[in-house]
Amino acid sequence: MTALVRARDVRRDYPLEREAVHALRGVSLEIEKGEYLAIVGPSGCGKSSLLNLLGAIDAPTSGTVEIEGRNVGSLGDREVTEFRLRHIGFVFQRFYLLPILTARENVELPMAEAGVSAADRRKRSTELLRYVDLGERVKHRPAQLSGGEQQRVAIARALANRPSLLLADEPTGELDAKTGEEIIALFGRLNADGTTVVVVTHDESLARAARRVVHMRDGQIVRDEVTDG
Amino acid sequence: MVALLLALQLRTITIDQRLAADAHLRVGDTVMVSATPGGGGDSVIIAAIVGRRADPSEIARSEYRAHLHLDQLQHLIGYGDRVDRFAISTHGDSSADTAVRAINNAAFGFRAYRSRDIAVETSETFAVVSRFHRAIGVITIVASAVFLLCILLLKVDERRRDVAALRLLGISRRSVMLSVVLEAAFVSVIGSGVGVVIGWVTSLAVNWHYQARYQTPLRFALVTGDIVLFAVSLSLVLGIVAGALAARRLVRTHPLVLLGR
Amino acid sequence: MRLFLAFASLRRHRARTILAVLGVAIAAAMLLDMVMLSTGMRESFRELLLSRGFQMRLTPRGTLPFDTEASIADASRITDSLRARPEIDLVSPVLGASAHVLRGDSSITTFALGVDPASQGDYQLIEGHDASDASSIVANDDFLRATNAKIGDTLRIASGYDPQLRSHSGERALVVAGRARFLYLASKQLAIAVPLRTLQQMTGAARNDRVSLFMVRLRDVNKIAEVKNWMRTALPTIDVISTADAMARVDERLSYFRQLSAILGAVSLIVGFLLVTTLVTVSVNERVGEIVVMRAIGVSRAHVVQQIVLEGTAMSVAGAVLGTGLGLVTARYLDAILSRFPGLPAAIDFFLFQPRAAWTAIGLLTACGVLAGLYPAWRAASLPLASTLREEAVA
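Protein chains in written order, with the working numbering: chain A, -16 to 212; chain B, 732 to 992; chain C, -18 to 376.
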């Protein structure tokens, strides 16, 4: 299979006053289409930094990150933004829904940016919200939704433009155990339906649900294992 | 010798600065004054050049001024033994009132007035300008009040999470309001102090500009103690009211709503 | 979607949006008033001067019309020589004097204009007949109110008053033939128009064949310079004041208001700009997380900037439109104050509404609104995504 994501000897340094912080120290990773990958490790091991690079939210200090054959680290701001819009879905720990928009409008936002017509946006947002079991809450604002419901809306938003890659940074971090289980099940369903999913997590249940687990420590991958999932 | 003889026979006049500058005249020059343009008149010597008085009614007036001996002017313009008015100086204020009464009782064909009463009646120009300034001032104060309320609302709103946390900890509404109002009052006093300094500097610039423009010693802008007191007091009141209104909105909202729950 | 998001953001904090719009409206009103003030006086005065088509005024040397008691001798000869010029269409000689309406032991003082009714340009007849008869007058409403007179009444009017003898001279019985609106008078000034010859005779031998000024109308306005040059040579004791000259002199006298309007207009713009900038900056700072997430999910920097700039622009446009109405109201109020400026015709408007002025004010404030939102928007849209998301998560 052709790798969907290919990271080669990626380094990410953050300059501080006296010395730089080396968040990633030469990480190489390949992710195939349709994989369900979890990145785990202690706090400060660089897993979120790696996810940001894979999501083209950040650029490596050195090394390359290729997604669908394109070196995203070398793209200009306009191009990489456009790339994120159409090829990558990102789910954040704190949901980051726009509080002034309803659930439906939050899901439609990336589609509006991509130039999708209003009718098509409505159709797709309805479909996605039903997929995440929120068909009855389309007109609710984030303040009227529980944490789990907000996260599901965030997942629906991430899927709006049919991305080839779904990235999630601690998606169950702000949720209770039961709600977290629901989100984990949703990710499983997404992957079963063909979406490539990469999650960064401390949550063991979420890590166990993935079929491949990459362990990181001190900015490097220390173990990369296939699991039963 | 001839010039000296002539000078001894000629009478003297004074002219104002503008005329001297525009006509390139100096003290000692001999000029002709007449009642009609190009008509016959008297040769006179310029004895002095005088500056303009700080008289509001002379602002923007472009005519030239010359002072002649009374009898010479009367003769020149064929006025006979007539004058337009007398100016009288008395020993003190109360003497002036007595003099006005006595003159008016005996007057035949003229009236006496106190100078300040004439000034009030003839300063219509400045009455109009003052009213205009006052109207602009009122509009500015209303605008400032709106701006102040808007800015304070923003500042207080920015801190709604802090306020929510304080309220959840048990700090009373009154305490929260008081702290916001005190802060607003403090900012108002500091701001008005800065404003007074800016106003004072601006008044210097205004006076410098217009005194040069109209060639007058008149002061156009004056920052007095009363004005400073008024400005600071008004700022303080507006600041306190604006702060109270902004804080009131916040403390009346439930803390959990402020936190977005 | 951007427009929707912009308006949704404004609706989110209604109170501050309303206050900001109100603040911008007051700034807009002030700006409009100052734009109107800077052009109003000139245009209004120019319109007044040209209202009857007279492009030139001839006054005694070194004076302005009715500024002094100086007068021009040999009026008939001068009138004939002016009328003989082919470039000149109409000549109106005018004599100004004080007159006293006698009522028993008292009198009411009025301003009297001696005119040739066939060529006059000082008043517009509203009711009745013109003063074509030697013993008739035309009066304004203030005069009729003060004297309690009406058309058809005969009044005893004198031209001179000796305060020492307390007696009047040059007395005539004159009939009120008509009611008129005098164009160049100050507010509430009593005025009558009398046939020129009658007023000359009333004011005595010293003033026979004397006038205070001539008003001249040319057939071709392009000949003003040529005619002016001829007049300066042929009539050396007279000053020739064209409309442009008159406007320059009024400009000089009222230059204070033009400067004031420029300063206050600039201050209004700055204040409006600062208000919108502050509001947009605070609003953006509150929403950094949302903005960064929008960028993370693929909304371009330009679109984020557009949305934020739209918020500032919407407030400015709303404020500017509201302020235009407010400005017209305050302009009337301020005009009423300034119309009492002594020595100026009451017909002059200090604040003249021209649509161009309104568009200028709205345009300037809209531009300010756009600029005010630009910097905070660009800053927010350019924040580094990863580190900002991390800071927001920690916060």
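Glycine residues also receive a C-beta, built at the ideal position from the N, C-alpha and C atoms. If you're wondering where the values come from, they're calculated on a predicted model, not measured in any experiment.
Can you list, in chain order, the residues of its chain whose CB lies under 8 Å from that of Leu68 (chain A), leaving out five sequence neighbours each side?
Hits under 8 Å: Pro93, Glu96, Ala97 and Asn144.
Compare the C-beta of Ile40 (chain A) against all C-beta atoms of chain C and say whether one is closer than 8 Å.
yes
Please report the residue range of the alpha helix (DSSP H) in which Glu207 (chain C) lies.
Ile205 to Ala215
What in chain A is Cβ-close to Arg276 (chain C), meaning under 8 Å?
Thr64
Chain A within 8 Å of Met15 (chain C), Cβ atoms only
no
At a CB distance below 7 Å, what residues from the region 293 to 305 of chain C approach chain B? Give them in sequence order.
Listed by position along the chain: nothing, the set is empty.
Along the chain, where does the beta strand (DSSP E) containing Ile118 (chain C) start, and where does it finish?
Per DSSP, Ile118 (chain C) belongs to the beta strand (DSSP E) from Ser117 to Ala120.
Using CA coordinates, which residue listed in B:Met763, B:His798, B:Gly771 and B:Val877 is at the minimum distance from Asp747 (chain B)?
The residue with the shortest Cα to Cα distance from Asp747 (chain B) is B:His798.
Glu0 (chain A) at chain C interface by Cβ criterion, 8 Å:
no
What separation, rounded to the nearest whole angstrom, lies between the Cα atoms of Leu345 (chain C) and Ala301 (chain C)?
9 Å
Is it the case that the Cβ atoms of Ile808 (chain B) and Ala766 (chain B) are separated by a distance below 8 Å?
yes
Taking Arg268 (chain C) as the reference, give the member of A:Pro82, A:Ile204 and A:Ala101 with the closest Cα.
Of the candidates A:Pro82, A:Ile204 and A:Ala101, A:Pro82 places its Cα closest to the Cα of Arg268 (chain C).
In chain C, which residues lie with their C-beta within 8 Å of the C-beta of Ile929 (chain B)?
Taking a Cβ-Cβ threshold of 8 Å, none of the residues of chain C is close to Ile929 (chain B); the smallest such distance is about 12 Å.
Secondary structure at Ser903 (chain B), three-state DSSP: helix, strand or coil?
coil
Proximal chain C residues relative to Glu914 (chain B), where beta-carbon distance stays under 9 Å:
Within chain C, no residue has its beta carbon less than 9 Å from that of Glu914 (chain B); the closest one is some 16 Å off.
Pull up the CB-CB distance for Ala(-10) (chain A) and Leu37 (chain A), whole angstroms please, since I reckon it's below 8 Å.
7 Å
Report yes if the C-beta distance between Thr259 (chain C) and Leu885 (chain B) is below 8 Å; otherwise report no.
yes
Cβ of Phe124 (chain C) within 8 Å of Cβ of Thr91 (chain C)?
yes
Val920 (chain B) and Leu967 (chain B) look like a contact to me (Cβ under 8 Å); what is the Cβ gap, rounded to whole Å?
6 Å
When DSSP builds the beta bridges, which residues end up paired with Asn54 (chain A)?
A:Glu49
Out of curiosity, what's the CA-to-CA distance linking Ala779 (chain B) and Leu741 (chain B)?
15 Å
CB-CB length for Leu166 (chain C) against Ala338 (chain C), believed under 8 Å
In fact, because the Cβ distance is near 27 Å, the residues do not count as touching under 8 Å.
Residue-chain proximity (Ile882 (chain B), chain C), Cβ-Cβ < 8 Å:
Yes, because at least one Cβ of chain C sits closer than 8 Å to the Cβ of Ile882 (chain B).
With a floor of 3 residues, list each beta strand (DSSP E) that falls wholly inside the region 51 to 114 of chain A, ordered by position along the chain.
71 to 74
Looking at the secondary structure, which residues open and close the beta strand (DSSP E) in which Gln287 (chain C) lies?
Note, Gln287 (chain C): premise wrong, no beta strand (DSSP E); alpha helix (DSSP H) at Arg282 to Leu319.
Rounded C-alpha distance that separates Gly279 (chain C) from Phe66 (chain A):
7 Å
Is the CB of Asn174 (chain A) under 8 Å away from at least one CB in chain C?
no
For Glu142 (chain A), name the three-state secondary structure that DSSP assigns.
The question names Glu, but residue 142 (chain A) in the sequence shown is Leu. It is coil, neither helix nor strand.
Name the DSSP bridge partner or partners of Thr761 (chain B)?
B:Ile776
Beta-carbon of Ala95 (chain A) versus every beta-carbon of chain C: anything under 8 Å?
yes
Contacting positions in the region 133 to 145 of chain A - beta carbon closer than 8 Å to chain D:
Within the model displayed, chain D is absent; protein chains A, B and C are what it includes.
Status (buried if at least 16 other CB within 10 Å, exposed otherwise) for Ile167 (chain A)
buried
Between Arg282 (chain C) and chain A, is any beta-carbon pair separated by less than 8 Å?
yes
Note down, one range per segment and in chain order, each alpha helix (DSSP H) of at least 4 residues found wholly within the region 159 to 188 of chain A.
160 to 175
Report the rounded CA-to-CA distance for Ser32 (chain C) versus Ala225 (chain C), giving the unit in angstroms.
14 Å
Backbone secondary structure at Pro(-3) (chain A) - three-state DSSP:
The question names Pro, yet the displayed sequence has Tyr at residue -3 (chain A). In this structure, Tyr(-3) (chain A) counts as strand in the three-state DSSP scheme.
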